[in-house]
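Visitor:
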Amino acid sequence: MSRIVFVGAGNVEPTRRILSDLFLSEQLHGRLDIVLHDDDPARLATAEALARTLNAEAGAGARVIGHTDRRRALDGADHVVATIEVGGFEATLRDFQIPHRYGLRQTIGDTIGIGGIFRGLRTIPAAVELGRELIELCPDAWLLSHTDPMAMTGWAMHEATGFTRFAGVCHAVCDTHAYLADLVGRDLDELTLRSAGVNHQSFVLVFADAEGRSLYPDLDAALSADAELKSHVRVEMYRRFGFFPTESSEHAAEYVPWIMRHAAETSRLGVPVEEYLRRAGMSLHIYEETRRSLAAGRPLLIRWQHQEPAAAALLAMLTGQEKLVHVNVRNGGLIGNLPEEACVEVPAVVDAKGIRPQRVGELPIQLAALNRTFLNVVELTVRAVLDGDRRHVLHAAMLDPNTAATLPLPAIEALCEELLAAHGDLLPEAVRR
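Start counting at 1 in the sequence shown, then tack on 35, and there's your number in our numbering.
1. When DSSP labels each residue in this structure, what does H430 get in the three-state scheme?
2. Quick one: what does DSSP say I9 is sitting in, helix, strand or coil?
3. Identify every run of the beta strand (DSSP E) within the stretch 365-412, keeping only runs that are complete inside it and at least 3 residues long; order them along the chain.
4. Work out the CA separation of R136 and D435 for me, nearest whole Å.
5. Please say whether R157 and L178 have beta carbons closer to each other than 8 angstroms?
6. Go to Q236, then tell me how far its beta strand (DSSP E) extends in each direction, as first and last residue.
7. Any idea what DSSP makes of R38, helix, strand or coil?
8. Rounded to whole angstroms, what's the CA-CA distance from N90 to D113? Just pull it up for me.
9. For S318, report the span of its alpha helix (DSSP H) as first-last.
10. Below 8 angstroms on the Cβ atoms is my contact criterion, and I expect R269 with P280 to pass it. Report the Cβ-Cβ distance as a whole number of Å.
11. Name the DSSP bridge partner or partners of V362?
12. With a 10 Å radius around its C-beta and 16 neighbouring C-beta atoms as the bar for buried, classify H361 as buried or exposed.
13. Whole angstroms are fine: how far does the CA of L349 sit from the CA of A77?
14. Which of helix, strand or coil does DSSP assign to I100?
15. Run through DSSP, which three-state label would D130 get?
16. Pairs of beta-carbons, one from the stretch 104-118 and one from the stretch 160-173, closer than 8 angstroms: are there three or more?
17. Mind checking whether V233 and L410 have CB atoms under 8 angstroms apart?
18. Between H235 and A207, how many whole angstroms is the CB-CB distance? I'm expecting something under 8 angstroms.
19. So T227 is in the beta strand (DSSP E); what residue range does that whole segment cover?
20. For my contact list, L250 and F242 are in at a C-beta cut-off of 8 angstroms; report their separation, rounded to the angstrom.
21. Per DSSP, which residues does A202 bridge with? Please list them.
22. Let me confirm a value: S259 is counted as buried when at least 16 other C-beta atoms fall within 10 Å, else exposed. Which label applies?
23. Assuming contact is defined by CB atoms lying nearer than 8 angstroms, are R229 and L218 in contact in what I supplied?
24. Just list the residues that DSSP pairs D68 with in beta bridges.
25. Tell me S249's beta-bridge partners as DSSP assigns them.
26. Could you give the C-beta distance for M352 and V385, rounded to a whole number, given that I count them as a contact under 8 angstroms?
27. Would you kindly work out how many angstroms separate the C-alpha atoms of D261 and A93, rounded to a whole number?
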């Protein structure tokens, strides 16, 4: 039996997607112990009911266990899937409402920007605590983390705890690969695609057919034929930097200084301001809809093929069938012109031996420059928490592309002070002082 622990299982939609993929694999029938953890007993009960329903629908023969005690859940784990959120919807709302009053516009605000900085300040301590528990209770387990901001939490966990079996997983790369295949009218399985960079700011370095011919000229033709596509942020970035970015247009807009402060640009490029609040509200709706579906006995197993990188990695490790999955891991030379300590996104070969990240070499210099701008904010936020240095909160905000392009220094400082006070006990004590 393989013991797979879901930390934050009450975030029911990713739990449902991953479990559907696992339970539909006949090779794993009768071989899985699914252990669910959530701090919220009501959400844990929903996750347990969901897992048992999916298990029965698939006939997977798994054993499902729930724990509110995370240490009991982790003890002896073979694999861990984690989605950590500190502060919930109310903290996210503050991350948007307070900057809004200063005239600072955000879209997603969970990875970079002032929202990403404060989500990092809240989440890094929880990620470090989890890393320490993994070393103590299940040091040989692989952690597949869905926790944002991934570049911050991955960097901090490795540095603070030394836990190395960490792989951040995200939909952005695989979704972009499928999108590009569709744009050029090809079957994804026929193509070679490789991307690398930093989570939410990676780029498609290889986009080729089975004979190794680059499909970027085909993409250019498809984009030229569609006027609507030309008004997307990531198409704009592709035109100017030469490689297609993996992040959605609305999110990509936050990583650069040229878009969010200009209403004309957000309109031209179709950037939905404060989009994450809508998504957070949708997540609450999905949770309630899942509860209603469980109560009504409606089927919930997802039977159609979909892109779920955490499940792809787990299936490869559990069945031994090799799979290429893009993951976020400590750099350590995988990308030669990014910091060694950074958490970077690269292809990895996954099989029964585990996750083996592949060396990319050096990124094109313009892409590395974009990544380093992002990583300045990441590193300063990590240092603020790990060193207990409050000054680095302001330093991160001052160097953030969107914040710096929008606000003068006195306003940035005032905004940081207000957010520090508003989040209160959710932040590390050394940062609050």
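Note that CB positions come from ideal geometry on N, CA and C, so glycine has one too.
Guide: Put simply:
1. Helix.
2. Residue 9 is absent from the model: the chain starts at 36 and stops at 468.
3. Whole beta strand (DSSP E) segments, 3+ residues: 378-386, 389-392.
4. Straight-line Cα distance between these residues: approximately 18 angstroms.
5. Cβ atoms of L178 and R157: not closer than 8 angstroms.
6. First-last of the beta strand (DSSP E) with Q236: 236-243.
7. Reduced to three states, the DSSP call for R38 is strand.
8. Distance between the alpha carbons of N90 and D113: 19 angstroms.
9. Where S318 is concerned, the enclosing alpha helix (DSSP H) starts and stops at 310-331.
10. For R269 against P280, the beta-carbon gap comes to about 5 angstroms, under 8 angstroms, which counts as contact.
11. The partner list for V362 (beta bridge, DSSP) reads V381.
12. Around the C-beta of H361, 16 or more other C-beta atoms lie within 10 Å, and the residue is accordingly described as buried.
13. CA-to-CA, the gap between A77 and L349 works out to about 27 angstroms.
14. Of the three classes helix, strand and coil, the one that applies to I100 here is strand, per DSSP.
15. For D130, the three-state secondary structure derived from DSSP is helix.
16. Counting C-beta pairs with one atom in each stretch, the stretch 104-118 and the stretch 160-173 have three or more that are closer than 8 angstroms, which means they touch.
17. Contact: yes.
18. Contact holds; Cβ gap of about 6 angstroms.
19. Counting along the chain, the beta strand (DSSP E) containing T227 begins and ends at 227-233.
20. The Cβ separation is near 5 angstroms, so the contact holds.
21. Paired residue(s): L179.
22. Classification for S259: exposed.
23. It is not a contact, given that the beta carbons lie outside the stated cut-off.
24. Partner(s): R38, R98.
25. Note: S249 is bridge-paired with A243 in the DSSP secondary-structure output.
26. Between V385 and M352 the Cβ distance is about 6 angstroms, and since that is below 8 angstroms, they are a contact.
27. Near 42 angstroms, if we compare the C-alpha coordinates of A93 and D261.
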